[in-house]
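Participant:
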Amino acid sequence: MRTTSKITVAAAAIAALALTACTGGGATPGGSEQPADPNLPAGYASVADESIESAGGPLHVQVDYDTAEAQGLDPAFAEIARSWSIMGLVYESLVTVGPGFEIQPELAASWEQPDDTTYVFDLQPGATFSNGRAVSAADVVGSLNRLRESGSVWSGQLGPIAEIADTSSGDAQQVTITLETPFTPLLAALANTPAAILPMQEIEAGELDPTAEMLGSGAFTVAEHRQDESWSFEANAEWWNAEQLGIDALELTIAADDQTRLAGLRDGSTQLANFSNPDALSLLAGAQGVTAVSQTQSDFFYAMLNSVNPDSPFVDQQLRQTVNAVLDRQGIVDLALAGAAVPTAVTPANLPDACAADSVPSASAEPAADALAGESISLLIYNDDPSLTALAQVVQQQLQGAGAEVTLDSVDYGTYSERVYVAQPGDFQMALGWFAGYGDASMVTNWWNPETAVFNAGFAQPHDDLSAAIAEAQALPAGTERAEALQSVCDLADTHAEMVPLATRPQVVGIRSDQLSASVLSDEGYGDFLRLIAEFKTIEG
Amino acid sequence: MQTLRWVGRRLLMGLVTLLGIALLVFFAARLVPGQAASVLLGPLATQEQRDALTAELGLDRDLFTQFGIWIGKVVTGDFGDSIISGQPVLDEIALRLPVTATLALMALGIALLVGVPLGVLQALRARRRGGAVGSRVISGLGISVPEFVLGALVVLLFSTVPLGITIGAFTAISDDLWLGLVSSLLPALVLSVFCAAATARTTRDAVLGVLVEPWIQAAVGRGERPWAIVRHHVLRNASIPILTLAATLLAYLLGGAVIVEGLFNVPGVGSYMLLAMDRRDYAVIQAAVMLAAVVFVVMSVLVELASNLIDPRVSTMGATT
Amino acid sequence: MSLIEIDDLVVEFRTPRGTVRALAGATLHASAGERIAIVGESGSGKSTIGTAIGALLPANGGFAGGTVRVDGVDVGTLDRPGLRRLRRETLGFIPQDPIATLNPTMRVGGQLALVVRDLGGDASRAALAQLLEEVQIADPADVLRRFPHQLSGGMAQRVAIAIAMARRPRILIADEPTAALDANVRREVLKLVFEAAEQTGATVVWLSHDLDAVAKWCRRVAVMYRGRIVEDGPTASVLEAPEHPYTQSLLAAMPSRLRRGVEVRTYTEMLASQAGEPDDAEVGA
Amino acid sequence: MTGAAAALARTPGRLRSLRTSDPVLTIAVVILGLLVAASLAGRLIPGLNDGTTTVGGRFEAPSLAHPLGTDSLGRSLVARLLEGIGTTFLLSALAVLCTAVIATALGIVAAYAGGWVRELVMRIGDVLYAFPAILLALLVAAAIGPGSTAALASIVLVTVPLMTRMVCAAATDVARRDFVTSARISGVAAPVIMVRHLLTCVSGTVVVQGTYALSVAILVEGGLSFLGYGVQLPAASLGLLVSEGNVYLLTAPWILIAAGTTMVLAILAVTLVGDALRDRLEPREAVDLT
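Residue numbers (UniProt numbering), protein chains in the order written: chain A, 1 to 541; chain W, 1 to 321; chain C, 1 to 285; chain Y, 1 to 290.
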């Protein structure tokens, strides 16, 4: 949707090939498909050529929608993936996410974990805000505490923090975070833009209103912003890594219509653009000078089966399970998502330690051919996301295939959010939606506990067994043991079948590869396809 | 003096119309389910946050109070702030109006330059074999091809075949006059097709309406040349319906050619309005509608004034219907 | 050779209901300088014969037989420029409703100027005023500034005569030029028309139904009925000894001959009451 | 204008037969007939229309099995098109019917009553007329939820003001004529006058305006569906199919070609028939200037 969540894609390579073959869309040599390219390092969908001397100049990028947040430009409250990408150009977090969801240094040059509950971060020595003031440990402590105290939904993502302390000595700026109990997703949460480091000194002095203005330590500064129209960024000369930056300026145009972004890439007026329509891969196939890559998002689509509203047939767990079992996730991927996605369970399929979509109980259940005979179901969706609409129609066909009578109720997003999130109990029977999958397999599991997630209290019920399993998995360090713990989260969520994960959400990045050598990760948890913009190199001519 | 009184009266009626529109848009916008607060805050917000934002936006009071406050401010020229950007709505619209105005004027200009001569030709040839068939189908096609079909074809054509105009990027006329005009050209062309066809049809009808008049017969009887007759005796007399249409078209174009603006990513009033609808940005919806309505009302007064000047028999001065 | 030779002229109109024959073989000749009146009731075809002389039929009408010759030239064979030359140089029309035949959005002066300029004449203010004075307009400067709808019927007819006469036409066709005028203005206007024609030696074809006036101004009269000239001769003999029953009925309806207590019936009514002759005016369907 | 011809040509306000030798009109009527037949066939013949079920792969090019190819969900485009034509025509026709009823009633009452009633109707018309049409439609769609009902209501709101104005103008002309005045004086009840005299005299105007409203209706439905506020998937309408065709123009051109052509033909045919109707109701014998 224009406003809410985040993104995905995966085994897109093969799927994209298959798609082109069957549409006869003329796969031009040197075109856009990217089968597992042996030249690409693991974890990358595209890599900037380091041997190129960047021609500099402005980079033109088109994105599908603009940030639009109740708290303006304040990253601590940013809910939309696009906000994270845009704010991430100006602000830095302590850490960032690299290939394979590996946590990498950003504002923190390095970190240590002396024990399960202590994290010690050493800041980049040259880190400076764009106003010329050096980033201090106090800014980090202040920013993270500000997030914790903000009441923002992201404060909970940081886990059970006991203390954030400035442990600097001399010029070396250092911050220590102490947890009450072990919490593995901490680093992944710190990598997200809401945990960005703000110039706290200026904010506290009242010199900067972070909702109206952005002042960060990152690669760019804002030259101009026209809401829903465009952003102009300039390279931040004060950035600690400024020499590496290949572009001088970034012109970001908001173009809601897929056609406009496709046209921009085709006619060369745009060097990079994103698409949530998986068919963008085939639509860009054969376009001169354009490479389209699929970036697998950990974001995923899910179905909500309202177990709270007494008027909903899904108060009956048996029925929920039957619906869950009837749904053919691979069929959804193939038909609605052009094969450019993967089926998933609660833990996003492309994240380390995630459980497999076909490992949960419903996957092996074999519902009768007419298991839903006599059921009549109303399926609520919002209508401004073509992928969601496609998905809904496939879900409708599948449920009808099992004998149910399914009516699609398409409304605009405002009405949808009123009926799903605001109304208590939720004013729907079955609904479809999606949310971000983040950078750690256990982060999104938070949403399966309505008591902490809140937004789903109108249609899902808290379950002690599931809540306990979620907490247990989050405390375990990454590895086999945690994978097993997450498996039980997946199994329990699947059994309760209130929020039923379906498939990851596709994202396609189109690159004008004759003008730009770009780095794009093959997997992403925060929808930030501009994450590696510092490595981009423009090509002369 | 009489003219002034007439204009005054006409403007007063315009104000009544505007008040009607103000009422309609205000309450219609609030009939739409989905509060600004829930749209803006997203799914993860708590009820307290929603309530707080609703109170902050003044949306918790009863509708009539809200309307009173709003209309009170509107009278002083304050249309409120956009919920999304926090900026005064008028500033936001002022930023987008030049873009839309350029587009509208270009489209209308093309439409009149093409449509009027075409319409005159059609009227003159209405009685001839063949001539009428071709032009009827052409102008019929013009009003039958939806702008979203034509626009998509143009976007595809210009983005796949290098034709000298890039359409992936839009430059505002305020940023660069020449580039602004060039990038407005294609969307203006797409818009002008319908407008030109409508103009041609109206012109044809108007000219045919004049051609039955005795003074035309008299001119023909005097052996005057056809184009002299058209110039001296037809055009002026046929211009009132054409002007009326032009005003309607201009109001429509300025009110936001939503679809074309979207297709070509033109940052104009139309696409802004559409977004505001999605986000329940009431202040923007209201201001944009009021703007379009003011344009409409002013245009209709101007057209009536012009009609009086064009045809001295139409003495609507003093009469109102 | 006569100036106007209309021979066995058939004119038809296409209408949604089929073809209508407005002239069904009309024949009429007129010499230079002659004054001829054509009389007949509405729909008899007299207007059609008037317009046929200039090939000015409405677009749905056309010649279906016979010929119209003006000065020996068959107008049916003229190309468009030729037709325009004929109309510009030879013909002058004086309309029934003068206000309607003036362009309502143009001042009288402007319209006169257009006509004069078209003929390569002097379009100065003074020259235009002079033209108006010639048609007995007292305050020409004021009239030049007016719009047609601001003129009285008589005034407008004078302007129309001025426009027609500015071109010194050899044939003046006046289609009931006084029908829309007050009785007292009628005489003046007719006088103006015939005096102007006298001056230039123009042939006058006057379409009228006013037999009293016809008797006064014309030496020759043609009577039309159902698309044919049914009687044609010196006014005196036609009025005194009508041969065709239709002419007789027309005469009976002349205001100057009305008698109290004598019922006046039109010829058509008479025919209808006798369940009369076959209808040959309408052809086809 | 001459005698008999003019007299015969001017019988305003009554519908005359559409019998004609005009080839354009003939083609237009045939196209319209085919489209109406197609829309009925899609609804009435069971099995012919299964536009909501996946029957093949995504974006299959036209073949024997699927003569117009398949769409993004592997549905047969023939079936989708049949359903789309049906939806669009049904919706538009219904909307125009509503418009005609409302506009005729309002226009006649306003013309007959005159005075403040007329003024009020005209002012309300002005308000709707001055409201940007697409936004009016969007507001309606958002308020009652996107879908066929919203599209229908939007079309009605967009088309009513103009038609009311035209009917009112025509009816005012009639209301001033002698036979209405004499009917009034002789005490004929107002409703009787309105129905017997005004309604019959404006019927031509209503029919002509109705055909124009029909073409506007098809366009508005298309625009609304294009913006996502009209007919909702999995149902089909011409506008919806066109908007899908737009996206896949490069890889699956058959969708736009089929839907776009149908839509253009539909509007064109309706417009041409409207033109022909008007030419017959308000014949104009223009002078040939040359």
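In this text, a Cβ means the ideal position worked out from N, Cα and C, and glycines have one as well.
In angstroms, rounded to a whole number, what distance separates the CA positions of leucine 107 of chain A and valine 95 of chain A?
Facilitator: If I take the Cα positions, the gap works out to 6 angstroms.
Participant: Could one say the Cβ of alanine 142 of chain Y lies closer than 8 angstroms to chain A's Cβ atoms, at least one of them?
Facilitator: It does; some Cβ of chain A falls within 8 angstroms.
Participant: Looking only at its own chain, which residues have a Cβ that is under 7 angstroms from the Cβ of alanine 453 of chain A, when we skip the five neighbours before and after it?
Facilitator: Closer than 7 angstroms at Cβ, skipping near neighbours: Asn446, Trp447.
Participant: Got a sec, what are the start and stop residues for the alpha helix (DSSP H) residue 292 of chain C sits in?
Facilitator: Residue 292 of chain C lies beyond the range of chain C shown here (1 to 285); nothing can be said about it.
Participant: Which residues of chain W have a Cβ atom closer than 8 angstroms to the Cβ of phenylalanine 529 of chain A, listed in chain order?
Facilitator: None at all; the shortest Cβ gap to chain W is about 18 angstroms.
Participant: So glycine 228 of chain Y contacts chain E; which residues on that side make the cut at Cβ distance below 8 angstroms?
Facilitator: The displayed structure is made up of protein chains A, W, C and Y, and chain E is not among them.
Participant: Does any CB atom of chain W fall closer than 8 angstroms to the CB of residue 291 of chain Y?
Facilitator: Residue 291 of chain Y lies beyond the range of chain Y shown here (1 to 290); nothing can be said about it.
Participant: So which residues of chain A does tyrosine 248 of chain Y contact, with C-beta pairs closer than 8 angstroms?
Facilitator: Correct list: Asp279, Leu283.
Participant: For valine 346 of chain A, which of A:Ala336, A:Leu73, A:Leu486 has the nearest alpha-carbon?
Facilitator: The shortest Cα separation from valine 346 of chain A among A:Ala336, A:Leu73, A:Leu486 belongs to A:Leu486.
Participant: On the three-state DSSP scale, how would you describe leucine 119 of chain A?
Facilitator: In the sequence on display, residue 119 of chain A carries tyrosine and not leucine. Tyrosine 119 of chain A: strand per DSSP, three-state reduction.
Participant: Spell out whether any CB of chain Y is found under 8 angstroms from the CB atom of proline 241 of chain W.
Facilitator: No, because no Cβ of chain Y sits closer than 8 angstroms to the Cβ of proline 241 of chain W.
Participant: If I'm right that valine 342 of chain A touches valine 509 of chain A with Cβ under 8 angstroms, what's the distance once you round it to whole angstroms?
Facilitator: At roughly 18 angstroms, the Cβ-Cβ gap does not stay under 8 angstroms, so valine 342 of chain A and valine 509 of chain A are not in contact.
Participant: Along the chain, where does the alpha helix (DSSP H) containing asparagine 324 of chain A start, and where does it finish?
Facilitator: Counting along the chain, the alpha helix (DSSP H) containing asparagine 324 of chain A begins and ends at 317-326.
Participant: Could you work out which residues of chain A lie near isoleucine 167 of chain W, taking near to mean beta carbons separated by less than 7 angstroms?
Facilitator: Chain A residues near isoleucine 167 of chain W: Ala263, Asp267.
Participant: Based on DSSP bridge pairs, tell me the residues matched to leucine 252 of chain A.
Facilitator: Paired residues: A:Val61, A:Trp231.
Participant: State yes or no: is the C-beta of alanine 198 of chain W within less than 8 angstroms of the C-beta of leucine 150 of chain W?
Facilitator: Cβ distance not < 8 angstroms, so alanine 198 of chain W and leucine 150 of chain W don't count as in contact.
Participant: Short of 8 angstroms Cβ to Cβ, which residues in the region 210-224 of chain W face chain A?
Facilitator: Against chain A - using a Cβ distance shorter than 8 angstroms - the region 210-224 of chain W contributes no residues.
Participant: With a floor of 4 residues, list each alpha helix (DSSP H) that falls wholly inside the region 106-171 of chain W, ordered by position along the chain.
Facilitator: Complete alpha helix (DSSP H) runs here, min 4: 131-144, 147-160.
Participant: Please classify phenylalanine 183 of chain A: does DSSP put it in a helix, a strand, or coil?
Facilitator: Of the three classes helix, strand and coil, the one that applies to phenylalanine 183 of chain A here is coil, per DSSP.
Participant: Does any residue of chain C have a CB that is nearer than 8 angstroms to the CB of proline 88 of chain W?
Facilitator: For proline 88 of chain W, the answer is no, since every Cβ of chain C falls outside 8 angstroms of its Cβ.
Participant: I need the DSSP call for glycine 82 of chain C, collapsed to helix, strand or coil.
Facilitator: Note: glycine 82 of chain C maps to helix in three-state DSSP.
Participant: Going by other Cβ atoms of all chains shown within 10 Å of its Cβ, with 16 needed for buried, is tryptophan 6 of chain W buried or exposed?
Facilitator: Buried: at least 16 other Cβ atoms inside 10 Å.
Participant: Pull up the distance between the alpha-carbon of leucine 305 of chain W and that of alanine 238 of chain W, whole angstroms please.
Facilitator: If I take the Cα positions, the gap works out to 16 angstroms.
Participant: Using 8 angstroms as the limit for Cβ to Cβ distance, is proline 35 of chain A near chain W?
Facilitator: Unreliable placement is indicated for proline 35 of chain A, whose pLDDT of 49 sits below 50; no coordinate value is reported for it.
Participant: Where do the N-terminal and C-terminal ends of the alpha helix (DSSP H) with phenylalanine 226 of chain Y fall, by residue?
Facilitator: Start and end: 200-226.
Participant: Quick one: is proline 29 of chain A buried, meaning 16 or more other Cβ sit within 10 Å of its Cβ, or exposed?
Facilitator: At proline 29 of chain A, the pLDDT of 33 sits below 50, so the modelled position is not reliable and the matter cannot be decided from this model.
Participant: Within 10 angstroms of its Cβ, does tryptophan 231 of chain A collect 16 or more other Cβ (buried), or is it exposed?
Facilitator: The residue in question, tryptophan 231 of chain A, is buried, as its Cβ has 16 or more Cβ neighbours within 10 Å.
Participant: Quickly, what does DSSP pair methionine 430 of chain A with across the bridge? List them, please.
Facilitator: Bridge partners of methionine 430 of chain A: A:Leu305, A:Leu379.
Participant: Between which residues of its own chain and aspartate 440 of chain A is the CB-CB distance below 6 angstroms, once the five residues before and five after are set aside?
Facilitator: Correct list, in chain order: Pro185, Ala188.
Participant: Cβ of proline 33 of chain W within 8 angstroms of Cβ of glutamate 418 of chain A?
Facilitator: Yes, the pair counts as a contact, with Cβ atoms nearer than the cut-off.
Participant: Any beta carbon from chain W within less than 8 angstroms of glycine 147 of chain Y's own beta carbon?
Facilitator: No, glycine 147 of chain Y does not count as interfacial toward chain W.
Participant: By DSSP, does threonine 193 of chain A sit in helix, in strand, or in coil?
Facilitator: Of the three classes helix, strand and coil, the one that applies to threonine 193 of chain A here is helix, per DSSP.
Participant: How many angstroms separate the CA atom of isoleucine 193 of chain Y from the CA atom of alanine 103 of chain Y?
Facilitator: Whole-angstrom Cα-Cα distance: 18 angstroms.
Participant: Where does arginine 176 of chain Y land, buried or exposed, given buried means 16+ other C-beta within 10 angstroms?
Facilitator: Exposed.
Participant: If you draw a straight line from the alpha carbon of asparagine 39 of chain A to that of alanine 256 of chain A, how long is it in whole angstroms?
Facilitator: Going by the C-alpha atoms only, they are around 34 angstroms apart.
Participant: Does the beta carbon of glycine 245 of chain Y come closer than 8 angstroms to any beta carbon on chain A?
Facilitator: So no, glycine 245 of chain Y is outside the interface.
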